[in-house]
């Protein structure tokens, strides 16, 4: 079904020079062989592993369409914040984006299950679950929001970075002002262990850490380092409290007007980009940890006993909040991940 486009969106689309509709059974399909420009926005720093993958995606699409389809990648929040770009993709103002699943849960509540802490023990387990039929079903749910999920990218595990202290147990977070995303379940977990979560837009985090507005931040290592957040917050702890997948999105209206052949080219290129991102993520973590330590920071790994304290700290959170999401979907994810601790807590 074709949505009515707002005057704002229509003007933006015209300004971006998108290809006009042509032919087709309902007058809304692109003609075979049409040329297109895809604007692909994201908030990740240029050169980070995600953008290396997205650049590969652009190269593959151009190569396999003989240049008919050009993908322009806009990193560093050039086209807005994550939520803004998801909305722009819905309206067709831009064609693609790749938000964190925490932000995307605002558009599809079933994805909110990934906002629960300590689901996955490692990235390999996360990949197995996301690439399964269960993961495919969750991506398919985005179509009701006017979005096509091309696949599960990767931001990585979120870890703590503190300004003045090294944190190893959840008790030490009592009263700590911690920057979080504007994600209700993230906020609720930190509140449940006594912290003072403080949602802030990402561009404001560096200054807020410098000025003492917040005392710490939680993000994957690569993003912490590339955004220079490890300069004011150089006491890092590898909590791995949330695995943060990104979803590579394309506008449903735009995608469904393409020929079957062009759709498959885009899907295949996305698969190859995701494989590259995951491979690079494995390599970059050790490199970044070494750089942080060379520059005077500390990176602390939790002992088995300390990590168990963090996991135990989340049991009450699961018991309280499991009923506020798609509980059966949450159970299915936990079961697929082999996570019996939280599965038993919410049975």
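Numbering (my numbering), first residue to last: 2 to 348.
All C-beta atoms, glycine included, are put in the ideal place defined by N, C-alpha and C.
Residue i - partner residues in DSSP beta bridges
i	result
residue 245	157
residue 179	198, 217
residue 74	41
residue 301	238
residue 227	Answer is none; residue 227 lacks a bridge partner.
residue 162	218, 237
residue 101	247
residue 252	148
DSSP state of residue i mapped onto helix, strand, coil
i	result
residue 170	coil
residue 107	coil
residue 117	coil
residue 321	helix
residue 95	coil
residue 12	Low confidence applies here, because residue 12 scores a pLDDT of 38, under 50, leaving its location unreliable and the question unanswered by this model.
residue 326	coil
residue 286	helix
residue 136	helix
residue 46	coil
residue 36	coil
residue 52	helix
residue 142	helix
residue 87	helix
residue 123	coil
residue 191	helix
residue 296	coil
residue 205	helix
residue 343	helix
Local Cβ density within 10 Å of residue i, reported as buried at 16 or more and exposed below that
i	result
residue 145	exposed
residue 116	buried
residue 29	exposed
residue 276	exposed
residue 100	buried
residue 48	exposed
residue 157	buried
residue 109	buried
Same chain only: Cβ atoms within 6 Å of residue i, ignoring 5 sequence neighbours per side
i	result
residue 329	none
residue 243	118, 159
residue 14	Residue placement at residue 14 is flagged as unreliable, the pLDDT there being 37, under the threshold of 50; a coordinate-derived value is accordingly withheld.
residue 254	93
residue 315	118, 119
residue 343	319, 335
residue 312	119
residue 78	44
residue 59	72, 74
residue 140	150
residue 341	none
residue 90	98, 250, 252
Nearest residue (CA-CA) to residue i, options the options
i	options	result
residue 400	101, 323, 159	Here the chain covers residues 2 to 348 and nothing more, so residue 400 does not appear.
residue 324	314, 341, 347	347
residue 86	166, 251, 331	251
residue 204	296, 289, 227	227
residue 76	90, 53, 61	53
residue 192	174, 206, 202, 267	174
residue 70	267, 317, 156, 327	267
residue 142	40, 111, 67, 104	111
residue 114	265, 47, 184	184
residue 197	288, 40, 179, 46	179
residue 279	89, 47, 67, 125	125
residue 66	264, 297, 332	264
residue 212	164, 172, 177, 246	164
residue 37	83, 47, 95, 55	95
residue 245	56, 32, 39, 106	106
Residues near residue i by beta carbon distance below 7 Å, same chain, minus five either side
i	result
residue 130	136, 334, 337, 338
residue 168	161, 174, 238
residue 61	270, 273
residue 285	50, 223
residue 209	180, 201, 215
Residue i CB to nearest heavy atom of the ligand ATP below 6 Å
i	result
residue 242	Looking at this structure, you won't find the ligand ATP or any other ligand, since it has none at all.
Same chain only: Cβ atoms within 8 Å of residue i, ignoring 5 sequence neighbours per side
i	result
residue 307	169, 170
residue 231	162, 225, 237, 293, 296, 298
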